[in-house]
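FYI, the numbering for the sequence shown is 207 to 473, going by my numbering.
Backbone N, C-alpha and C fix where the C-beta goes; we use that ideal spot for every residue, glycine too.
From a predicted model like this one, the values you see are computed outputs, not experimental measurements.
Report on the following structure.
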Amino acid sequence: LILVSAHLVSCPVCIRYRLTQYPIMSGKGSIGLSNRHLASATAFITFACFSYPIAVAGGWFADPSVAWWLGLKGLVLSLLVVTAAPTAAAAAFVLLLRGRYSIDAKRKIIVAALLIPALVTLCAGFEVWSSAGYASKYLISTDCTRVKAKADMQVSWATAAGVFDRCIESATTAVDTRQCPGYKEITDGLGGQAIEYLAIMEETGSCTGWCSPSTPIWTQTPSRDACSFVAGLVLKGQAGVAGTVVAHAAVVTVAAFGIAKAMPIEG
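Here you go:
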């Protein structure tokens, strides 16, 4: 983050040096980028500045714990971060390519192309940081009754464990819980999605049980970690990453004005 911040702060100097190596001469003899080159440079810089937040938001979108505990809000926040910069870059590209604006107006378009997605990313990142951080605290906690969502997940786990226990009583070989009688009925029922989430956590998170470690249901690998604890650690990590996204967006917000000022623009 420090290296990225230093790069962004130094961007105005870098941009002016790089882009003036290939000057486009205006009719008045001044050095600057033509509309086509300016539009392309603005779109490229916007994508470059927001490549890190976009990659992080893609991770939020794919993380089952973020999807479950942040719900629709997490999905919307991820989509906002992923789409804000491309949308702003495309709009700026079209405006700079086709419009005949003064130099000051062009600089304002460049600032907007960076500032708008930066503010969107900053707000979305802060919300993920806050929500994921809050959820991580009660998931890591050993208290399994205070938060209803956590208590309901324990009920779903107990339901799946009951099916598994009845299944192994008559089994002579290793049991695939998903093939046990009654398993399809509970996954098709009201708590089915919660059970599928628990299965994913046990299979990918190296954990067992929910509020406390227990006999593995979907794997053959015992673990000392409860899946609630592991889910809490995952969200704690995502909250930390969201904090870096907020800091990154703040740096871009400050650097946007310097970047726009440093761009050599054809009059």
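- A straight-line Cα-Cα distance of about 6 Å links Gly449 and Trp335.
- Assignment of Leu239 by DSSP, reduced to helix, strand and coil, places it in the strand class.
- Between the C-alpha atoms of Cys350 and Ala364 there is a straight-line separation of about 13 Å.
- Between Leu286 and Ala455, the C-beta gap is not smaller than 8 Å, which leaves the two residues out of contact.
- Trp424 and Ala291 have their C-alpha atoms some 41 Å from each other.
- The straight-line gap separating the alpha-carbon atoms of Leu441 and Val272 is approximately 7 Å.
- The beta carbon of Glu409 is closer than 8 Å to those of Trp424, Thr425 in its chain, skipping five residues each way along the sequence.
- If you draw a straight line from the Cα of Ile392 to the Cα of Val282, it comes to about 29 Å.
- Taken through DSSP and simplified to helix, strand or coil, Ile423 comes out as coil.
- Between the stretch 291 to 303 and the stretch 318 to 332, the count of C-beta pairs closer than 8 Å reaches three or more; the two stretches touch.
- Each of Val460, Phe463, Cys413 was checked against the Cα of Arg430, and the nearest Cα belongs to Cys413.
- Taken through DSSP and simplified to helix, strand or coil, Thr414 comes out as strand.
- A check of alpha carbon separations from Val369 across Gly388, Arg352, Ala357, Ser376 identifies Gly388 as the nearest.
- By the C-beta criterion, the stretch 298 to 312 is judged not to be in contact with the stretch 260 to 271, since fewer than 3 inter-stretch pairs fall below 8 Å.
- A straight-line Cα-Cα distance of about 27 Å links Ser284 and Leu396.
- Looking from the CA of Cys417, the closest CA among Val451, Ser347, Ala400, Val452 belongs to Ser347.
- About 5 Å separates the Cβ atoms of Thr248 and Ile316, confirming a contact at the 8 Å cut-off.
- Taking Val436 as the centre and dropping the five residues before and after it, the same chain places the C-beta of Met407, Gly411, Ser412, Cys413 closer than 8 Å to its C-beta, in chain order.
- Bounds of any alpha helix (DSSP H) do not take in Pro428, whose DSSP letter is neither H nor E.
- For Ala245, same chain residues with a beta-carbon under 6 Å away, outside a window of 5 residues either side, are Phe299, Leu302, Leu303 in chain order.
- Counted as a single uninterrupted DSSP element, the alpha helix (DSSP H) harbouring Arg313 occupies residues 309 to 346.
- Buried is the label assigned to Leu239, since at least 16 other Cβ atoms lie within 10 Å of its Cβ.
- It is roughly 9 Å from the alpha-carbon of Ala366 to the alpha-carbon of Thr383.
- Taking Phe463 as the centre and dropping the five residues before and after it, the same chain places the C-beta of Val317 closer than 7 Å to its C-beta, in chain order.
- Straight across, the Cα-Cα distance linking Glu472 with Arg306 is about 11 Å.
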